[in-house]
Structure formats: structure tokens, C-alpha cells
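The listed protein sequences correspond, in order, to chains F and V.
Counting the first sequence from 1 gives a position; our numbering is that position plus 464.
Counting the second sequence from 1 gives a position; our numbering is that position plus 464.
There are 2 protein chains.
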Amino acid sequence: MTQFTNVTVEKKANVYFDGKVTSRTVLFADGTKKTLGIMLPGEYEFSTSQKEEMDFSAGKLEYKLQGQDWKSIDGEGAFIVPANEKFQLKVHTVADYCCTYFNE
Amino acid sequence: MTQFTNVTVEKKANVYFDGKVTSRTVLFADGTKKTLGIMLPGEYEFSTSQKEEMDFSAGKLEYKLQGQDWKSIDGEGAFIVPANEKFQLKVHTVADYCCTYFNE
Numbered sequence: 465m466t467q468f469t470n471v472t473v474e475k476k477a478n479v480y481f482d483g484k485v486t487s488r489t490v491l492f493a494d495g496t497k498k499t500l501g502i503m504l505p506g507e508y509e510f511s512t513s514q515k516e517e518m519d520f521s522a523g524k525l526e527y528k529l530q531g532q533d534w535k536s537i538d539g540e541g542a543f544i545v546p547a548n549e550k551f552q553l554k555v556h557t558v559a560d561y562c563c564t565y566f567n568e
Numbered sequence: 465m466t467q468f469t470n471v472t473v474e475k476k477a478n479v480y481f482d483g484k485v486t487s488r489t490v491l492f493a494d495g496t497k498k499t500l501g502i503m504l505p506g507e508y509e510f511s512t513s514q515k516e517e518m519d520f521s522a523g524k525l526e527y528k529l530q531g532q533d534w535k536s537i538d539g540e541g542a543f544i545v546p547a548n549e550k551f552q553l554k555v556h557t558v559a560d561y562c563c564t565y566f567n568e
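Shown next, in the form of C-alpha cells:
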């Protein structure tokens, strides 16, 4: 899917880590929320409140979920993060991602 | 306006200047195209093909249109750039902008 159609976009950006991670919120008619984001090279730790899917379409990075080993993504790759967990990222090149939030 | 409703969003980001300037393309039912973007601190020169409105909602920056003096925006401000011109920006803090393209 290269486009999201019939959606609502929040005009204001979400800005984290002095702008090295930013995203835009996209709301779907069925209530689904996604964010489309960019991460510049750097090391980051995030905390989830909801279960999330992080789906990368560009970028070279490593990620670590709680209790798991570091894994790599080079270009395209996705992973699921459970609710109320921390995960770590080492981003090596500009990364383009889509995060989907789940209500389960 | 804090949201754009009933729009199409391109999933892939537009990435310039090694990711220091990025944006997402938003398409409206009437054919209007806007981009929602972020600029990190830095100095940039852009060229327009279409007439554009650059509308900043956050950030401290200076801008210079062709043949004009440097002007400042601190927080909120907008300017129009004619088609086929260059303009320069000195961005001092993370800037959140909306660019509207005109077909005239």
C-alpha cells in the first residue's frame, strides 16, 4: 500500500528527541490510528502504552525488544511491540516508518 | 485548522538534506496538494516549480525570498514563494510546516 485514502491527518507533528524522531498522526474511518514517522541516525528508547507494529520502509537499524536479542532491519522490516513495554533502537541511516496502534 | 479530513496521504516520506528536512504528501479531493514537513536546525536553499505557501506552526527561522531582505518567523508565520524561484532558510529550532502548492 503506497497511499492511505479517506483518512484524517493531524496537522501538528509529533516531535521526540529534539526532532530526531518526528511523526504525523493518521486516523482511519474504522478508528485505527497510525503514525508516519522519520528517525534520524541515533539511539532511542521508546515506551509503548498500546500494542504497536513498527513497519520500516527505508533505513538501516537495529532494534531490541524486552528480553530479546538485538535484531537488524536493512531497508524493509517490521516488528510488534506489546503494550506497556520499552524497546530500543540504534538507527544507522534515515529511517521511514509506519506505526500502527492496536487496541487489544 | 488542526486536522485535514477526507484526504489521501502518501506513505513514503519526502527526504531532503540527509533527512534534516522531511515531509509527507497530503492530497485533497479537490486536487490540492500539501506537504506536512519538519525542518531541523540548519541552512537550506529550495527551488520551487509551482507557486507555494510555506506556513510554519512551530519553529524559529529566517527566510529570504529572491530580491528581498531576510525576514524572521518565531513560532507561527507564512510566506508565499512564486513558481520557479529559489528561497533560503536559516532554521534555528525544529520547525513544523505545511506547504501548499498552487497551480496558477
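Idealized CB from N, CA, C, for every residue including glycine.
The structure displayed is predicted, hence computed values, not measured ones.
*Could you tell me the distance, in whole angstroms, from the CA atom of Asp-482/V to the CA atom of Val-558/F?*
Your numbering for residue 482/V matches position 18 in the second sequence. Your numbering for residue 558/F matches position 94 in the first sequence. Approximately 7 Å between the Cα atoms of the pair.
*Is Asp-533/V helix, strand or coil by DSSP?*
Position 69 of the second sequence, counting from 1, holds the residue named residue 533/V. For Asp-533/V, the three-state secondary structure derived from DSSP is coil.
*Burial state of Ser-487/F (16 or more Cβ within 10 Å)*: Position 23 of the first sequence holds residue 487/F. Taking every protein chain shown into account, the CB of Ser-487/F has 16 or more other CB atoms within 10 angstroms, so this residue is buried.
*asked:* So, under 8 Å CB-CB, Val-545/F and Met-518/F are touching, yes? Tell me the CB distance rounded to an integer number of Å.
replied: Your numbering for residue 545/F matches position 81 in the first sequence. Your numbering for residue 518/F matches position 54 in the first sequence. Indeed they touch by this definition, with Cβ atoms about 7 Å apart.
*Find out if the Cβ-Cβ distance for the pair Asn-548/F, Ser-521/F is shorter than 8 Å.*
On the first sequence, residue 548/F is found 84 positions in, with the first residue counted as 1. On the first sequence, residue 521/F is found 57 positions in, with the first residue counted as 1. Inclusion of Asn-548/F and Ser-521/F in the CB contact set at 8 Å is not warranted, their separation being larger than that value.
*Going straight from the alpha carbon of Cys-562/V to that of Lys-475/F, what length do you get?*
If you number the second sequence from 1, residue 562/V lands on position 98. If you number the first sequence from 1, residue 475/F lands on position 11. One C-alpha to the other measures close to 8 Å.
*Taking 8 Å as the CB-CB cut-off, is Ser-513/F touching chain V?*
As a first step, residue 513/F is located in the first sequence; it is residue number 49 there, counting from the start. Chain V contact via Cβ: absent.
*Three-way DSSP call (helix, strand, coil) for Gly-541/F in this model*: For the purposes of this step, residue 541/F is taken as the residue at position 77 of the first sequence. Judged by DSSP in its simplified three-state form, Gly-541/F adopts strand.
*At a CB-CB cut-off below 8 Å, which residues of chain V make contact with Val-485/F?*
Taking the first sequence and counting its residues from 1, one reaches residue 485/F at position 21. Within chain V, no residue has its beta carbon less than 8 Å from that of Val-485/F; the closest one is some 10 Å off.
*Would a check of beta-carbon distances place Asp-571/F closer than 8 Å to chain V?*
Residue 571/F is absent from the model: chain F starts at 465 and stops at 568.
_For Ile-502/F, would you say it is in contact with chain V, using Cβ-to-Cβ distances shorter than 8 Å as the test?_
Against the first sequence, residue 502/F aligns to sequence position 38. Judged by the 8 Å Cβ criterion, Ile-502/F is in contact with chain V.
*N- and C-terminal bounds of the beta strand (DSSP E) containing Phe-551/F*: Here residue 551/F is taken as the residue at index 87 of the first sequence, counted from 1. Segment 550-555, the beta strand (DSSP E) holding Phe-551/F.
_My output table needs one value for Asp-494/V: the three-state DSSP class, helix, strand or coil._
Along the second sequence, read from residue 1 onward, the residue named residue 494/V stands at position 30. In the three-state scheme derived from DSSP, where H, G and I count as helix and E and B as strand, Asp-494/V is classed as coil.
_Limits of the beta strand (DSSP E) - the one that Ala-522/F falls within_ = For the purposes of this step, residue 522/F is taken as the residue at position 58 of the first sequence. Run containing Ala-522/F: 515-522, per the beta strand (DSSP E) assignment.
*Tyr-565/F and Glu-516/F: beta carbons closer than 8 Å?*
For the purposes of this step, residue 565/F is identified with residue 101 of the first sequence, where counting begins at 1. For the purposes of this step, residue 516/F is identified with residue 52 of the first sequence, where counting begins at 1. Yes, they are a contact pair.
*Express the C-alpha separation of Lys-484/V and Leu-504/F in angstroms, rounding to a whole number.*
As a first step, residue 504/F must be located in the first sequence, where it is residue number 40. As a first step, residue 484/V must be located in the second sequence, where it is residue number 20. Distance between the alpha carbons of Leu-504/F and Lys-484/V is about 8 Å.
*For Asp-560/F, count neighbouring Cβ atoms within 10 angstroms of its own Cβ and tell me buried if that reaches 16, exposed if not.*
As a working mapping, residue 560/F is identified with position 96 in the first sequence. Only buried fits Asp-560/F, as 16 or more other CB atoms lie within 10 angstroms of its CB.
_Minimum C-alpha distance to Tyr-480/V - residue among Gly-531/V, Ser-511/V, Ser-536/V, Gln-530/V_ = In the second sequence, residue 480/V corresponds to position 16, counting from 1. Ranking the options by Cα distance to Tyr-480/V, first place goes to Ser-511/V.
*asked:* Determine whether the beta carbon atoms of Gly-523/F and Val-555/F lie at a separation below 8 Å.
replied: One-based indexing of the first sequence puts residue 523/F at position 59. One-based indexing of the first sequence puts residue 555/F at position 91. Against a cut-off of 8 Å, the Cβ pair of Val-555/F and Gly-523/F comes out as a contact.
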